[in-house]
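Residue numbers (the numbering used here): 62 to 225.
See the structure below:
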């Protein structure tokens with residue numbers, strides 16, 4: 062009989078590779094997990110197979126990661142992820158369901174879109190002005206650089222003639 066003890070610190074987070082393995086195994090064996098809970102969990106074969114799968118998963122995940130995982134942790138993680146998925150799907154259906162009781166204020170959306178388009182036009186005009194100003198200053202720098210090169214060559218030529 063395996064000795065159970067209480068941990069003094071919380072279990073670490075599941076690693077990505079552990080989560081991927083759990084998700085893949087769950088999806089591959091969905092019928093086993095599903096039928097182990099249907100009809101009040103009366104399908105004894107599925108319940109036994111589910112326990113075996115959870116044990117295999119716990120052993121494999123323990124080898125994958127840095128921390129040993131128990132069957133209970135794996136089972137709890139599956140339950141938690143199922144809740145998250147259901148919550149996500151419900152929110153997605155409510156958001157995109159045209160028959161939902163949520164009314165949209167299309168006039169507000171049109172006003173908001175017009176305001177955003179005006180902001181974009183202003184930003185484009187500002188960008189063009191800044192770009193033109195930058196181009197002007199870059200040309201000015203090029204002219205100054207050419208002048209510097211000219212005067213440096215004149216200075217070198219003058220010094221060469223003086224010391225030859």
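Think of the CB as a built atom: it goes at the ideal place given N, C-alpha and C, for glycine as much as any other residue.
Return the chain-ordered list of same chain residues with a C-beta closer than 7 Å to the C-beta of residue 96, the five sequence neighbours on each side being excluded.
In the chain shown, the residue the question calls residue 96 occupies position 35. Once the five neighbours on either side are set aside, the close Cβ partners of residue 96 are 104, 107.
Distance check for residue 139 and residue 149, CA to CA, integer angstroms please.
Numbered from 1 along the chain shown, position 88 holds the residue referred to as residue 149. Numbered from 1 along the chain shown, position 78 holds the residue referred to as residue 139. If you take the alpha carbons of residue 149 and residue 139, they lie about 15 Å apart.
Find the nearest neighbour of residue 82 within the set 122, 113, 73, 147, judged by alpha-carbon distance.
Indexing the chain shown from 1 puts residue 82 at position 21. Of the candidates 122, 113, 73, 147, the one whose C-alpha sits nearest the C-alpha of residue 82 is 122.
For residue 62, which residues from the same chain have a beta carbon less than 7 Å from its beta carbon, with the 5 sequence-adjacent residues on both sides left out?
Position 1 of the chain shown, counting from 1, holds the residue named residue 62. At residue 62 the pLDDT is 47, less than 50, meaning the model places this residue with poor confidence and gives no usable figure here.
Can you check whether the CB of residue 110 is closer than 8 Å to the CB of residue 93?
Counting from one through the chain shown, the residue named residue 93 turns up at place 32. Counting from one through the chain shown, the residue named residue 110 turns up at place 49. Yes, Cβ-Cβ distance for residue 93 and residue 110 is below 8 Å.
Contact check, residue 136 vs residue 115, beta carbons under 8 Å
Start at 1 with the first residue of the chain shown, and residue 136 comes out as number 75. Start at 1 with the first residue of the chain shown, and residue 115 comes out as number 54. Going by C-beta atoms, residue 136 is nearer than 8 Å to residue 115.
Bounding residues of the alpha helix (DSSP H) (the contiguous stretch that carries residue 92):
Indexing the chain shown from 1 puts residue 92 at position 31. Its alpha helix (DSSP H) spans residues 91 to 96.
Based on Cα-Cα distance, which residue from 153, 72, 142, 100 lies nearest to residue 130?
Within the chain shown, numbered from 1, the residue matching residue 130 stands at position 69. Here the closest residue by C-alpha is 72.
How big is the Cα-Cα spacing for residue 197 and residue 189?
Position 136 of the chain shown, counted from the start, is the residue given in the question as residue 197. Position 128 of the chain shown, counted from the start, is the residue given in the question as residue 189. Going from the Cα of residue 197 to the Cα of residue 189 covers about 12 Å.
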